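Enquirer: Below: one structure in structure tokens.
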Amino acid sequence: MRGEALYRLGRPPLDVKGKKVILVDDGLATGASMYAAVLALRALAPARIIAAVPVAAPETCEAFRRFVDEMVCTFTPQPFYGVGSWFEDFSQVSDEEVRRLLSQSRAS
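Here it is, written out as structure tokens:
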């Protein structure tokens, strides 16, 4: 809830009922956070949920196909090692940067 209030800045949630929604993550190791997002999103009755990640553990990518309408995993290396090991720069994004980007996207 902290993130939601911090990032939404008083704006109402998007109405996704009956719409195609694409969930994007930097990658899936266990998939726990993406699974939580899928469950929350299902409650809002979108027409389709598509999950997209650049890298994922092969078994996690395969398992996710049961939870979403479409699963896109660009790279499923074996052995996996962890999401961060497949990026040149895996530094954190600050809350300020997230808010700036969200405001920018709303304006366009």
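Residue numbers for the sequence shown follow the working numbering, so the first one is 6 and each next one is one higher. All C-beta atoms in this analysis are idealised placements derived from N, C-alpha and C, irrespective of residue type, glycine included. Given the structure is predicted, the values throughout are model-derived calculations rather than measurements.
Hey, out of F92, L11, P59 and D94, whose CA is closest to L120's CA?
Expert: No answer is possible for residue 120: the residues shown for the chain start at 6 and end at 113.
Enquirer: Can you name the residues that DSSP bridges to M76?
Expert: According to DSSP, which records beta bridges pairwise, M76 is partnered with A56.
Enquirer: Return the chain-ordered list of same chain residues with a C-beta closer than 6 Å to the C-beta of T81, the five sequence neighbours on each side being excluded.
Expert: Here the set comprises A61, P63 and C66.
Enquirer: Looking at Y73: is its Cβ nearer than 8 Å to the Cβ of A56?
Expert: According to the sequence provided, residue 73 is Val. The question's Tyr does not apply to it. Yes. Within cutoff.
Enquirer: Pull up the CB-CB distance for V88 and D31, whole angstroms please, since I reckon it's below 8 Å.
Expert: Indeed, because the Cβ distance is near 6 Å, the residues count as touching under 8 Å.
Enquirer: Please identify the residue among A48, A10, L11 and S99 whose C-alpha is closest to the C-alpha of G23.
Expert: Nearest of A48, A10, L11 and S99 to G23, Cα basis: A48.
Enquirer: Using CA atoms only, rank isn't needed, just tell me which of A50, L14, A68 and V26 is closest to G36.
Expert: Comparing Cα positions, the closest option is A68.
Enquirer: Pop quiz: K25 and A50 are said to be a contact at Cβ under 8 Å. What is the actual Cβ separation, rounded to whole angstroms?
Expert: K25 to A50, Cβ: 12 Å. No contact.
Enquirer: Please look up how many angstroms separate the CB atoms of Y12 and V98, rounded, as I've assumed it's under 8 Å.
Expert: Y12 to V98, Cβ: 11 Å. No contact.
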